[in-house]
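In terms of full-length UniProt numbering, the sequence shown opens at residue 1 and continues consecutively. Backbone N, C-alpha and C define an ideal beta-carbon position, used for all residues, glycine too. Computed from a predicted structure; not experimentally measured. Here is the structure we will look at.
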Amino acid sequence: MPSGRRLKLGLILGVLAASGLALLAWTQVWIQADVQASGSAREHLEVTGSTASPALTALALAGLALGAALTIAGPVIRVVLGLLEVLLGLSVFLGGFLAVSDPARAAAAAVTDATGISGRESIAVALVDPSVTAWPFVALAAGVLMALLGAGIVATARRWPGPTTRYQSVRLEPVRAAGTDGTGEAPPRDAVDDWDELSRGDDPTTGQSH
Numbered sequence: 001m002p003s004g005r006r007l008k009l010g011l012i013l014g015v016l017a018a019s020g021l022a023l024l025a026w027t028q029v030w031i032q033a034d035v036q037a038s039g040s041a042r043e044h045l046e047v048t049g050s051t052a053s054p055a056l057t058a059l060a061l062a063g064l065a066l067g068a069a070l071t072i073a074g075p076v077i078r079v080v081l082g083l084l085e086v087l088l089g090l091s092v093f094l095g096g097f098l099a100v101s102d103p104a105r106a107a108a109a110a111v112t113d114a115t116g117i118s119g120r121e122s123i124a125v126a127l128v129d130p131s132v133t134a135w136p137f138v139a140l141a142a143g144v145l146m147a148l149l150g151a152g153i154v155a156t157a158r159r160w161p162g163p164t165t166r167y168q169s170v171r172l173e174p175v176r177a178a179g180t181d182g183t184g185e186a187p188p189r190d191a192v193d194d195w196d197e198l199s200r201g202d203d204p205t206t207g208q209s210h
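Written out as structure tokens, the structure is:
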């Protein structure tokens, strides 16, 4: 069985890698299709993940931030972050699933920008042979992995070592009594001290005041 330190390192790296994979998928082409409006030539259209699933970037960035937060989180916060990672993974999976299951809907915004056509039925008619690339499936896989890692965090959070904190040692020393050097003896005198006492009317040789 892996140690708590290895579990912590492996799960955190996994969260960062899965979130990075989702972010990479978001930047790639998800749907390819030809678009033909009434009375116009056919136009080739490539729809990226940023259009097909706009929320994916926020979910992936949240996953990266969550991975960083895990490095300093205590046991209770780890469980909370683990549950949040599960929700992020399910949301990423849902974004990829919607694009795969309904390419016309995922490409609607790109079709409208390219041709001015709006309305779900009109867009479905204008799209010719839409095809889905591998990148939405990469997003699906990233979402599943994020959810599994979140469940792993919840299950093992109490086995992780705590965050290391370094304290600066402070040494306390007793306060010395006024007029002594800490040994019970008066500190050595100099000419300046004698002059100050004379100016106040004191005799430095006897310690008496005039």
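>> Using CA atoms only, rank isn't needed, just tell me which of 121, 43, 78 is closest to residue 33.
In response: 43
> If you follow the beta strand (DSSP E) that residue 12 is part of, which residue opens it and which one closes it?
Replying inline: Unbroken run through residue 12 is the alpha helix (DSSP H), 4–26; no beta strand (DSSP E).
> Sorted by chain position, which residues of the same chain lie with C-beta nearer than 7 Å to residue 79's C-beta, five sequence neighbours on each side aside?
Replying inline: Within its own chain, the residues whose Cβ lies closer than 7 Å to the Cβ of residue 79, once the five positions on either side in sequence are excluded, are 154, 157, listed in chain order.
> Per DSSP, what kind of secondary structure is residue 153 in: helix, strand or coil?
Replying inline: helix
>> My assumption, with CB atoms under 8 Å, is that residue 23 sits in contact with residue 60. Please give the rounded CB distance.
In response: Approximately 4 Å separates the beta-carbon atoms of residue 23 and residue 60; this is inside 8 Å, confirming the contact.
> From residue 166 to residue 88, what does the alpha carbon distance come to, in whole angstroms?
Replying inline: Reliability of the predicted coordinates at residue 166 is poor, the pLDDT of 48 falling under 50, and no value is obtained from them.
>> Below 6 Å, is the gap between the Cβ of residue 47 and the nearest heavy atom of the ligand COA?
In response: The ligand COA is not among the ligands present in this structure, which contains no ligands whatsoever.
>> Do residue 143 and residue 92 have their beta-carbon atoms positioned less than 7 Å apart in this structure?
In response: yes
> Between 123, 90, 115, which lies nearest to residue 104 when the distance is taken from Cα to Cα?
Replying inline: 123
> Distance, Cα to Cα, residue 46 vs residue 69?
Replying inline: 36 Å
> According to the neighbour-count rule (16 or more other Cβ atoms, all chains shown, within 10 Å of its Cβ), is residue 75 buried or exposed?
Replying inline: Within a 10 Å sphere around the beta-carbon of residue 75 sit fewer than 16 other beta-carbons, which makes this residue exposed.
>> Determine whether the beta carbon atoms of residue 81 and residue 147 lie at a separation below 7 Å.
In response: Taking 7 Å as the cut-off, the Cβ atoms of residue 81 and residue 147 do not count as close.
> Tell me the DSSP bridge mates of residue 254?
Replying inline: Outside the shown range of the chain, which is 1 to 210, sits residue 254, and nothing can be said about it.
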